[in-house]
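Down below is the structure, laid out as structure tokens.
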Amino acid sequence: NAGVTQTPKFRVLKTGQSMTLLCAQDMNHEYMYWYRQDPGMGLRLIHYSVGEGTTAKGEVPDGYNVSRLKKQNFLLGLESAAPSQTSVYFCASGVIANVLTFGAGSRLTVL
Amino acid sequence: KNQVEQSPQSLIILEGKNCTLQCNYTVSPFSNLRWYKQDTGRGPVSLTIMTFSENTKSNGRYTATLDADTKQSSLHITASQLSDSASYICVVTLTGGGNKLTFGTGTQLKVEL
């Protein structure tokens, strides 16, 4: 039972490049989330999903897109990376909305 | 604006000593409050959860208290261990659930020999 797995763990991008972060959970959770964590700030919600095929915007959605084609996977995409998107990204999942299991994080640097 | 503020920002204590971390929130209406532990390079892990009607909740050497009237919570760590070194994050949920979680910035705790 792996819980919540994020790939890749580390990535360096140049400004303007695109990439996708993958989150996979094996707990059959309906709810999945993408957060970013920046120094001196609390975790901020980017996008979330309440079930397969559904997505919704969170607090800081600009510059990101998401997809939930399969219940167990939640993808976070950056179409044109910017230095302001340098951050640590956390995926989380839950049976109900506020009982979350977090992944180990993906550190992204945009040069 | 709904906010969660934690203090101190950082703390260093000697192994075996006790410490208390504070969380003040202005989130309203309030549903529940969680404390998470986040080890360096890892995701947050839930320690305790309390609803507005609960005053205290324990998890081993961790004891959380909640005063819903003053909108304050504390996390008390007893007989600290080196493995307690981590960031402790207070998270408040708005009534109605959904995804209205407000995260504090955390208290960075370091336990030294």
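Respectively, the protein sequence lines represent chains A and B.
Just so we're aligned: 48 in my numbering is position 48 of the first sequence, and the numbers increase by one with no gaps anywhere.
Positions in the second sequence are counted from 1; adding 111 to them yields my numbering.
Idealized CB from N, CA, C, for every residue including glycine.
Model, not experiment: these values are computed from the prediction.
Please check the pair residue i and residue j, which I expect to be a contact at CB under 8 Å, by giving their CB distance rounded to whole angstroms.
i: Leu-158(B); j: Tyr-147(B); result: 6 Å
i: His-187(B); j: Asn-129(B); result: 7 Å
i: Tyr-89(A); j: Leu-108(A); result: 6 Å
i: Pro-140(B); j: Thr-206(B); result: 4 Å
i: Glu-223(B); j: Ile-123(B); result: 6 Å
Grab me the residues of residue i's own chain with a C-beta within less than 8 Å of its C-beta, minus the 5 sequence neighbours each way, in chain order.
i: Val-121(B); result: Here the sequence assigns Ser to residue 121(B), which means Val is not the residue at that position. The answer, listed in chain order, is Thr-218, Gln-219, Leu-220, Lys-221.
i: Glu-59(A); result: Arg-44, Leu-45, Ile-46
i: Glu-165(B); result: Leu-177
i: Ser-185(B); result: Thr-131, Leu-132, Gln-133, Cys-134, Ala-175, Thr-176
When you compare the CB of residue i with every CB in chain A, is at least one pair closer than 8 Å?
i: Gly-127(B); result: no
i: Pro-155(B); result: yes
i: Phe-214(B); result: yes
i: Val-115(B); result: yes
For residue i and residue j, what's the separation of their Cα atoms in angstroms?
i: Gly-3(A); j: Thr-176(B); result: 29 Å
i: Gln-114(B); j: Thr-204(B); result: 11 Å
i: Gly-171(B); j: Thr-189(B); result: 9 Å
i: Thr-20(A); j: Gly-77(A); result: 4 Å
i: Tyr-199(B); j: Met-32(A); result: 22 Å
i: Tyr-35(A); j: Thr-137(B); result: 21 Å
i: Asp-150(B); j: Ala-104(A); result: 10 Å
i: Ser-118(B); j: Cys-134(B); result: 7 Å
i: Gln-37(A); j: Asp-62(A); result: 15 Å
i: Arg-145(B); j: Thr-167(B); result: 12 Å
i: Gln-192(B); j: Thr-174(B); result: 15 Å
i: Thr-101(A); j: Leu-125(B); result: 30 Å
i: Gly-154(B); j: Ala-92(A); result: 9 Å
i: Gly-152(B); j: Ser-106(A); result: 9 Å
i: Tyr-64(A); j: Leu-22(A); result: 13 Å
i: Val-156(B); j: Asp-195(B); result: 13 Å
i: Gln-183(B); j: Arg-11(A); result: 39 Å
Does any CB atom of chain B fall closer than 8 Å to the CB of residue i?
i: Gly-40(A); result: yes
i: Gly-103(A); result: yes
i: Leu-43(A); result: yes
i: Phe-90(A); result: yes
Near residue i, which residues of its chain fall below 7 Å by C-beta distance, leaving aside the five closest residues on each side in sequence?
i: Val-110(A); result: Leu-13, Thr-15, Ala-81, Ala-82, Pro-83, Gln-85, Thr-86
i: Glu-116(B); result: Asn-135, Gly-215
i: Gly-127(B); result: Ala-190, Ser-191
i: Ala-24(A); result: Thr-5, Gln-72, Asn-73
For residue i, decide whether its Cβ has a neighbour in chain D, counting only Cβ atoms nearer than 8 Å.
i: Ser-49(A); result: Absence of chain D from the displayed structure is noted, the protein chains being A and B.
Can you give me the Cβ contacts of residue i inside the same chain, cut-off strictly under 6 Å, excluding the 5 residues immediately before and after it?
i: Glu-79(A); result: Ser-18
i: Tyr-48(A); result: Tyr-33, Ala-56, Gly-58
i: Phe-163(B); result: Phe-141, Ala-179
i: Val-95(A); result: His-29
i: Ser-67(A); result: Leu-75
May I ask you to verify whether the region 27-40 of chain A touches the region 67-75 of chain A, counting CB pairs closer than 8 Å and requiring at least 3? yes
Can we say the region 40-52 of chain A touches the region 193-213 of chain B, given the rule of at least three CB pairs closer than 8 Å? yes
Pair every Cβ in the region 53-62 of chain A with every Cβ in the region 7-22 of chain A, then say whether three or more of these pairs are closer than 8 Å. no
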